[in-house]
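Visitor: Here you go, one structure.
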Amino acid sequence: MRSSPEFDAAMARCPLVAILRGVRPDEIEAIGDVLVEAGFSMIEVPLNSPDPLASIARIAGRYGDSVLVGAGTVLQAEQVEAVRQAGGRLIVSPNTDTAVIRATAAAGMVSLPGYFTPSEAFAAIAAGATGLKLFPAEAASPAMVRAQRAVLPREAAILIVGGIKPDGMAEWRAAGANGFGLGSALYAAGLDAHDVRRRAEAFIAGIPPVDGARQG
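Everything in the sequence shown is counted per my numbering, starting at 7 for the first residue and increasing by one.
Below, the structure written as structure tokens:
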């Protein structure tokens with residue numbers, strides 16, 4: 007497990023990652039603005055979005071170090087450098103690919119690989135992950151997180167991704183989750199900034215208290 011003061015600070019401000027799958031470069035700044043104004047401190051643009059590196063470059067330049075910006079659906083190690091050159095500092099994957107994790111760590115960037123089993127979690131930690139993304143959460147449960155927490159390092163941040171709603175975070179937090187990645191319930195292609203603002207504010211209002219679980 008590789009520590010990251012930048013990730014810890016972002017999690018302390020807001021333990022939610024905005025996943026903007028399908029966002030276009032010409033709308034990213036308007037969408038990003040309402041998210042930041044609502045309180046978000048982490049924004050992910052999946053690489054299967056239209057011209058994702060252009061979107062990452064725009065929001066990285068707009069917010070600087072105040073927001074942790076990067077890419078999702080990173081499946082190949084060589085994509086890490088392309089994201090870094092665009093100004094991204096966050097690499098998120100749906101899977102546990104140790105080559106991607108090592109490349110991210112070597113670049114000094116935040117690595118949040120996807121995992122589902124303890125074996126995948128420990129492989130990610132050994133490769134230098136900053137935190138762990140439990141995905142898909144629709145196929146998991148808070149009880150599963152509670153059981154994994156008994157064996158995973160306490161300092162390993164677990165973010166829950168998949169099907170999360172504003173009123174569904176408390177039970178995961180009580181089980182030991184630290185944060186959440188928010189996809190279509192927050193943003194879907196075609197939504198305007200007004201709709202995203204309303205959804206973002208609902209998620210911010212729904213953040214449960216830490217209640218003993220590690221945040222950041």
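Even glycine gets a Cβ: it sits at the ideal position worked out from N, Cα and C.
Just so we're clear, the structure is a prediction, and the values are computed from it rather than from any experiment.
Expressed to the nearest angstrom, what Euclidean distance is found between the alpha-carbon atoms of Tyr192 and Ile49?
Guide: For the record, residue 192 in the displayed sequence is Leu; it is not Tyr. About 12 Å.
Visitor: Let me know the beta strand (DSSP E) ranges lying completely inside the stretch 135-219, each 3 residues or longer, listed in chain order.
Guide: Complete beta strand (DSSP E) runs here, min 3: 137-140, 163-167, 185-188.
Visitor: Helix, strand or coil: which one does DSSP assign to Met7?
Guide: Reduced to three states, the DSSP call for Met7 is coil.
Visitor: Use the C-beta contact count for Gly67: other C-beta atoms within 10 angstroms, 16 or more gives buried, fewer gives exposed.
Guide: Exposed: under 16 other Cβ atoms inside 10 Å.
Visitor: Is Met115 helix, strand or coil by DSSP?
Guide: The answer is coil: DSSP assigns Met115 none of H, G, I, E or B.
Visitor: Kindly indicate which three-state DSSP category Glu50 falls into: helix, strand or coil?
Guide: Three-state result, Glu50: strand.
Visitor: Taking 8 Å as the cut-off, does the stretch 146-160 touch the stretch 98-116 (at least 3 CB pairs, one atom from each stretch)?
Guide: Not touching, per the Cβ criterion.
Visitor: Bridge partners of Leu22, per DSSP?
Guide: Per DSSP, Phe186.
Visitor: Once you ignore the five residues that flank Pro34 on each side, which residues in its own chain have a CB closer than 6 Å to its CB?
Guide: Reading off the sequence, residue 34 comes out as Ile, not Pro. Around Ile34: Ser61, Arg64, Ile65.
Visitor: Whole angstroms is fine: what's the gap from Ala15's alpha carbon to Gly196's?
Guide: Rounded to whole angstroms, Ala15 to Gly196 spans 31 Å at the Cα level.
Visitor: Relative to the ligand SAH, is the shortest distance from any of its heavy atoms to the C-beta of Phe141 smaller than 8 Å?
Guide: Judged by which ligands are present, the structure shown has none, so any question about the ligand SAH falls away.
Visitor: How would you call Gln85, buried or exposed, if buried means at least 16 neighbouring beta carbons within 10 angstroms?
Guide: Buried: at least 16 other Cβ atoms inside 10 Å.
Visitor: Can you tell which of Ala36, Phe46, Ala127 has its C-alpha closest to the C-alpha of Gly187?
Guide: Per the Cα distances, Phe46.
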